[in-house]
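Protein sequences, first through last, are from chains E and F.
Under our numbering, residues 3 to 466 are what the first sequence spells out, in order.
Under our numbering, residues 3 to 466 are what the second sequence spells out, in order.
For every residue, glycine included, the Cβ atom is placed at its ideal position computed from N, Cα and C.
Written out below as structure tokens is the structure these notes cover.
Number of protein chains: 2
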Amino acid sequence: MRPGILIFTLLVSAWAELLSAKVVAPPAGAQSTPAVLSELREKALHDPLAMQVLEGLTSEIGARQVGSENFVRARDWAVKKLQSLGFQNVHTEPFTLTAWTRGEERARIVAPYPQKLAIIGLGGTLPTPAGGVDAEIVLFKKYASLLEAPPGSLTGKIAVVTEPMAPGMAGYAALGKARRLGPAEAAKRGAIAYLVRSLGNGSTRLAHTGFMSQDAATVPAAALSAPDAELLERIADRGTPVRIHLELASSTHPAQSWNTVGEIPGATDETVLMGAHLDSWDVGTGANDDGAGVAIAVAAAKLATETRLRRTVRVVLYGGEEIGVAGPAYAQYNSKNLKKMIIAGESDSGSEPAIEVRLPAGGAQNPALADLSSALSPLAVRSNSEPSREGGPDIEPLNDLGVPGLEVVQRLDSYFHWHHTEDDTLDKVVPAELSQNVATWAVLLRVMADRNVVFERKAVEPAK
Amino acid sequence: MRPGILIFTLLVSAWAELLSAKVVAPPAGAQSTPAVLSELREKALHDPLAMQVLEGLTSEIGARQVGSENFVRARDWAVKKLQSLGFQNVHTEPFTLTAWTRGEERARIVAPYPQKLAIIGLGGTLPTPAGGVDAEIVLFKKYASLLEAPPGSLTGKIAVVTEPMAPGMAGYAALGKARRLGPAEAAKRGAIAYLVRSLGNGSTRLAHTGFMSQDAATVPAAALSAPDAELLERIADRGTPVRIHLELASSTHPAQSWNTVGEIPGATDETVLMGAHLDSWDVGTGANDDGAGVAIAVAAAKLATETRLRRTVRVVLYGGEEIGVAGPAYAQYNSKNLKKMIIAGESDSGSEPAIEVRLPAGGAQNPALADLSSALSPLAVRSNSEPSREGGPDIEPLNDLGVPGLEVVQRLDSYFHWHHTEDDTLDKVVPAELSQNVATWAVLLRVMADRNVVFERKAVEPAK
Numbered sequence: 003m004r005p006g007i008l009i010f011t012l013l014v015s016a017w018a019e020l021l022s023a024k025v026v027a028p029p030a031g032a033q034s035t036p037a038v039l040s041e042l043r044e045k046a047l048h049d050p051l052a053m054q055v056l057e058g059l060t061s062e063i064g065a066r067q068v069g070s071e072n073f074v075r076a077r078d079w080a081v082k083k084l085q086s087l088g089f090q091n092v093h094t095e096p097f098t099l100t101a102w103t104r105g106e107e108r109a110r111i112v113a114p115y116p117q118k119l120a121i122i123g124l125g126g127t128l129p130t131p132a133g134g135v136d137a138e139i140v141l142f143k144k145y146a147s148l149l150e151a152p153p154g155s156l157t158g159k160i161a162v163v164t165e166p167m168a169p170g171m172a173g174y175a176a177l178g179k180a181r182r183l184g185p186a187e188a189a190k191r192g193a194i195a196y197l198v199r200s201l202g203n204g205s206t207r208l209a210h211t212g213f214m215s216q217d218a219a220t221v222p223a224a225a226l227s228a229p230d231a232e233l234l235e236r237i238a239d240r241g242t243p244v245r246i247h248l249e250l251a252s253s254t255h256p257a258q259s260w261n262t263v264g265e266i267p268g269a270t271d272e273t274v275l276m277g278a279h280l281d282s283w284d285v286g287t288g289a290n291d292d293g294a295g296v297a298i299a300v301a302a303a304k305l306a307t308e309t310r311l312r313r314t315v316r317v318v319l320y321g322g323e324e325i326g327v328a329g330p331a332y333a334q335y336n337s338k339n340l341k342k343m344i345i346a347g348e349s350d351s352g353s354e355p356a357i358e359v360r361l362p363a364g365g366a367q368n369p370a371l372a373d374l375s376s377a378l379s380p381l382a383v384r385s386n387s388e389p390s391r392e393g394g395p396d397i398e399p400l401n402d403l404g405v406p407g408l409e410v411v412q413r414l415d416s417y418f419h420w421h422h423t424e425d426d427t428l429d430k431v432v433p434a435e436l437s438q439n440v441a442t443w444a445v446l447l448r449v450m451a452d453r454n455v456v457f458e459r460k461a462v463e464p465a466k
Numbered sequence: 003m004r005p006g007i008l009i010f011t012l013l014v015s016a017w018a019e020l021l022s023a024k025v026v027a028p029p030a031g032a033q034s035t036p037a038v039l040s041e042l043r044e045k046a047l048h049d050p051l052a053m054q055v056l057e058g059l060t061s062e063i064g065a066r067q068v069g070s071e072n073f074v075r076a077r078d079w080a081v082k083k084l085q086s087l088g089f090q091n092v093h094t095e096p097f098t099l100t101a102w103t104r105g106e107e108r109a110r111i112v113a114p115y116p117q118k119l120a121i122i123g124l125g126g127t128l129p130t131p132a133g134g135v136d137a138e139i140v141l142f143k144k145y146a147s148l149l150e151a152p153p154g155s156l157t158g159k160i161a162v163v164t165e166p167m168a169p170g171m172a173g174y175a176a177l178g179k180a181r182r183l184g185p186a187e188a189a190k191r192g193a194i195a196y197l198v199r200s201l202g203n204g205s206t207r208l209a210h211t212g213f214m215s216q217d218a219a220t221v222p223a224a225a226l227s228a229p230d231a232e233l234l235e236r237i238a239d240r241g242t243p244v245r246i247h248l249e250l251a252s253s254t255h256p257a258q259s260w261n262t263v264g265e266i267p268g269a270t271d272e273t274v275l276m277g278a279h280l281d282s283w284d285v286g287t288g289a290n291d292d293g294a295g296v297a298i299a300v301a302a303a304k305l306a307t308e309t310r311l312r313r314t315v316r317v318v319l320y321g322g323e324e325i326g327v328a329g330p331a332y333a334q335y336n337s338k339n340l341k342k343m344i345i346a347g348e349s350d351s352g353s354e355p356a357i358e359v360r361l362p363a364g365g366a367q368n369p370a371l372a373d374l375s376s377a378l379s380p381l382a383v384r385s386n387s388e389p390s391r392e393g394g395p396d397i398e399p400l401n402d403l404g405v406p407g408l409e410v411v412q413r414l415d416s417y418f419h420w421h422h423t424e425d426d427t428l429d430k431v432v433p434a435e436l437s438q439n440v441a442t443w444a445v446l447l448r449v450m451a452d453r454n455v456v457f458e459r460k461a462v463e464p465a466k
């Protein structure tokens with residue numbers, strides 16, 4: 003458990019008292035009857051807004067890495083989009099960061115068999131010295147084997163980890179350390195560079211980038227495409243020393259970023275937050291990660307609030323999820339104003355269908371939400387009675403400050419084929435699947451903003 | 003019809019007389035009884051040689067463009083491989099060509115929405131001037147629309163053709179002109195560069211290269227990945243002028259190449275030729291195009307000739323199919339010695355299963371080959387009674403000199419996802435499918451080399 007946080011439960015009745023101070027609120031639940039939810043759900047399934055938003059973002063902006071000019075264009079695009087759709091209180095909340103910019107990158111096998119290698123630098127990697135590094139590799143077919151290597155055993159070598167990722171989120175979670183922490187672990191053992199098989203389930207020759215630890219003891223690090231990792235394994239299996247030439251150029255600079263916020267005001271001062279992240283990696287056009295989430299959030303919030311509700315629905319388009327800076331910035335910027343934030347969720351798993359919803363602890367057992375399951379079941383979305391888990395880097399800081407979390411689980415059959423690659427483009431999005439997500443979130447936002455329901459909260463000790 | 007060629011039929015009986023001069027031949031057909039073919043077929047289905055050959059070629063050589071150092075390494079590798087497998091008369095047949103070498107390539111949308119574009123220069127393209135070209139585009143959603151554009155209508159513009167290719171070989175054949183001839187057609191109308199949607203059926207952001215006409219009136223030309231072609235369509239549909247920056251570097255040099263030949267001698271001076279091409283494009287590792295064919299040819303020839311046969315089985319590994327120079331060179335080098343070449347075929351359609359065999363005209367109706375159909379049917383390969391069509395650039399020059407052609411049609415469900423891209427790597431090959439091709443060709447080579455069967459020939463007028 004983290005310092006500064008302790009868990010207790012505020013009684014639902016105490017919240018009800020707070021709410022009673024508001025008198026202009028419409029009758030709780032009147033806009034989320036089963037019939038109304040059914041109509042909303044069907045409308046959302048056929049609404050073109052999400053696909054229009056996603057088409058616009060990917061066509062007119064494309065890649066939008068935090069700290070880049072294109073991200074500034076994305077921010078302006080998002081502000082205009084929210085304003086044109088009738089969102090209120092549209093604004094940006096600035097914060098500072100260190101931006102990292104990719105330069106030219108290349109790798110090749112020098113010996114025994116000269117061949118090009120398809121790689122991509124990990125996000126935030128150190129550059130190699132000018133002209134690159136040229137060294138023998140030590141290849142580990144399991145990440146655990148690298149961790150077992152003694153200090154000094156990789157001195158002057160390029161460490162290569164070729165462990166394939168198991169499918170889906172479980173695989174990503176299990177092997178994530180090989181990307182995030184592998185460079186520092188290789189450095190500790192004397193390596194001068196690090197190559198890791200892409201975290202992904204595809205077989206194209208487009209490698210997957212992603213965030214790596216900014217540990218001072220790290221080394222230049224890149225991901226290999228899956229075919230290239232397998233090629234290196236086959237060559238290494240022959241028993242001859244393998245030498246690789248690796249060049250990674252990059253630079254860093256102090257930069258500003260912004261979370262972009264828009265609201266559809268409700269009748270009370272309570273808020274329901276739906277997030278997605280506007281930034282992407284510098285490859286692909288961020289269609290699934292997380293243009294889809296942006297489109298789902300904007301469209302679901304718009305559809306959910308076509309009639310006036312008790313609570314404000316706030317859309318937050320985070321500006322820096324990929325390097326983990328936007329969620330903390332949002333939580334810090336708004337830390338004094340979270341008591342009336344009833345629930346917060348984020349769509350950041352691409353555009354494949356939603357399959358499961360998890361409410362905060364106690365939510366699934368709350369009689370006031372007993373009908374949610376039947377409202378979602380026509381979408382083939384089941385209600386999981388287990389409570390929502392902490393969100394990703396955008397939502398977790400809110401969870402840590404007491405805000406209950408709302409979680410929608412999506413299918414990830416293809417997501418990790420494209421994730422963090424040049425292949426994350428609009429053609430990979432199935433419009434009907436995107437709409438199914440919009441319908442799921444529209445129903446959830448409508449229920450959460452219309453009904454007088456509250457959830458158990460973590461409460462936070464005042465900072466010392 | 004081409005000058006210098008006329009069709010007539012040499013009587014089968016006349017050939018039989020020629021053959022009777024040989025006395026050391028084993029009894030015709032003794033090594034291709036139904037029981038023997040069945041055993042051969044089953045053995046081939048479980049034989050590891052083809053996959054070993056392909057693994058070696060892709061791992062130890064990789065990309066092997068004609069005119070490159072790596073092609074020379076591939077040639078040496080092939081000579082050693084044939085020798086180590088017991089092929090006789092292993093040799094290389096040299097010829098000269100103009101080699102083309104790719105340099106740095108990049109493209110981006112300059113306006114209205116700055117974005118990178120994923121492209122690859124077409125094989126043999128002119129380079130752009132240093133620093134690239136920067137011009138407004140004229141986008142044609144159909145190649146036919148470009149052809150309808152009047153002279154001068156593209157002056158100073160970059161012509162872009164975004165027509166998608168229909169699936170499989172029919173689609174490739176139908177749209178091939180957009181790649182081969184499009185650059186010259188655009189040039190005729192005043193364009194300064196040409197971009198064409200990749201000839202392919204995949205949706206990755208890896209564009210497909212391939213041969214283009216070396217017409218003097220051509221312009222720098224590259225293929226767009228499918229997602230990028232669609233992106234340009236969406237942006238162009240907005241009606242604002244679109245500007246693109248395109249940089250293509252490349253160089254040409256006089257070079258030598260070689261066809262690599264090996265034989266398993268038979269008891270007569272008659273020959274059955276099985277080809278494949280050793281060269282690949284400079285992207286990928288040429289696993290399907292045409293490493294698979296090399297592996298199939300070598301393994302099928304080896305398996306077919308494990309017992310001594312009447313006729314020599316000759317494997318020719320062509321060195322320059324991708325630019326169309328190897329087949330003509332082979333035919334020219336051997337033009338005086340083709341009368342005893344009974345039949346010639348090539349495997350150059352990747353590694354997906356064989357589905358159909360076509361014999362030369364009359365072959366399907368020849369009682370001496372009536373059992374071939376049942377020998378192949380356990381492989382799910384059907385005998386098409388239509389005659390074989392002319393082979394690709396390697397075999398067609400032999401057909402034109404009178405040599406009958408043998409054709410194996412393969413499934414192409416995935417071939418055009420990888421064809422001529424970085425994605426043509428070993429992991430795309432299914433070993434059991436490769437073996438099914440080996441079994442098909444082993445049966446065919448055994449029958450053709452074992453039986454005293456001959457086919458109608460085109461005969462060629464002496465050169466004037």
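If you measure from the beta carbon of Arg360 (chain F) to each beta carbon in chain E, is any gap under 8 Å?
no
Counting only Cβ pairs nearer than 7 Å, list the residues of chain F close to Ile237 (chain E).
Ser61
So does the region 302-315 of chain E actually touch the region 433-451 of chain E, counting three or more Cβ pairs closer than 8 Å?
yes
Kindly identify the DSSP beta-bridge partner or partners of Gly154 (chain E).
For Gly154 (chain E), which the question treats as bridged, DSSP gives no partner whatsoever.
Using DSSP's beta-bridge definition, name the partner residues of His210 (chain F).
According to DSSP, which records beta bridges pairwise, His210 (chain F) is partnered with nothing at all.
For the alpha helix (DSSP H) that contains Val300 (chain E), what are its first and last residues?
Ala294 to Ala306
Under 8 Å, Cβ to Cβ, is there at least one residue of chain E near Gln117 (chain F)?
yes
Is Ala120 (chain F) close to chain E, meaning its C-beta is less than 8 Å from at least one C-beta of that chain?
yes
Could you run through the region 196-216 of chain F and flag, in chain order, every residue whose CB is less than 8 Å away from some CB of chain E?
Ser205, Thr206, Arg207 and Leu208
So Leu428 (chain F) packs on Leu56 (chain F), CB below 8 Å; how close in whole Å?
7 Å
Where does Gly105 (chain F) land, buried or exposed, given buried means 16+ other C-beta within 10 angstroms?
exposed
Thr164 (chain F) classed as buried or exposed, judged by whether at least 16 other C-beta atoms fall within 10 angstroms:
buried
Given 8 Å, three or more beta-carbon pairs between the region 191-207 of chain F and the region 226-242 of chain F:
yes
Under 8 Å, Cβ to Cβ, is there at least one residue of chain E near Pro50 (chain F)?
no
Just to make sure I have the definition right: I need the residues of chain E whose C-beta is within less than 8 Å of the C-beta of Asp78 (chain F). Which are they?
Those within 8 Å of Asp78 (chain F) in chain E number zero; the least Cβ separation is about 13 Å.
Is there contact here, the region 66-76 of chain F with the region 317-332 of chain F, by at least three beta-carbon pairs under 8 Å?
yes
For the region 242-255 of chain E against the region 455-464 of chain E, are there 3 or more C-beta pairs whose distance is under 8 Å?
no
Any idea which residues DSSP pairs Trp102 (chain E) with across the strands?
E:Thr254
Return yes when the Cβ of Thr130 (chain F) is within less than 8 Å of the Cβ of Tyr256 (chain F), no when it is not.
The sequence as given places Pro at residue 256 (chain F); Tyr does not occur at that position. In this structure, Thr130 (chain F) does not lie closer than 8 Å to Pro256 (chain F) by Cβ.
Would you verify that the beta carbon of Asp415 (chain E) is, or is not, closer than 8 Å to some beta carbon of chain F?
no
When you compare the CB positions of His419 (chain F) and Asn203 (chain F), do they come within less than 8 Å of one another, or not?
yes
Shortest alpha-carbon distance to Ala113 (chain E) belongs to which of E:Ala238, E:Pro267, E:Asp291 and E:Glu435?
E:Ala238
By DSSP, does Gln367 (chain F) sit in helix, in strand, or in coil?
helix
Could one say the Cβ of Thr103 (chain F) lies closer than 8 Å to chain E's Cβ atoms, at least one of them?
no
What span of residues does the beta strand (DSSP E) with Tyr320 (chain F) cover, start to end?
Thr314 to Tyr320
For Lys430 (chain E) and Arg181 (chain F), I'd like the C-alpha separation in whole angstroms.
25 Å
Let me know the alpha helix (DSSP H) ranges lying completely inside the region 122-208 of chain F, each 4 residues or longer, listed in chain order.
145-150, 170-182 and 184-190
Does Leu233 (chain E) come within less than 8 Å of chain F when only Cβ atoms are used?
yes
Check whether chain E comes within 8 Å of His421 (chain F), counting only Cβ atoms and requiring the distance to be less than that.
no
Looking at the structure shown, is Ala37 (chain E) part of a helix, part of a strand, or coil, going by DSSP?
helix
What does the alpha-carbon distance come out to for the pair Pro153 (chain F) and Ala193 (chain F)?
10 Å
Stretch pair the region 396-413 of chain F + the region 347-365 of chain F: three plus CB contacts closer than 8 Å
yes
Tell me, please, which residues DSSP counts as bridged to Asn386 (chain F).
F:Arg360
Cβ-based neighbour list, Gly352 (chain F), same chain, cut-off 6 Å, excluding 5 preceding and 5 following
Asn290, Ala294 and Tyr417
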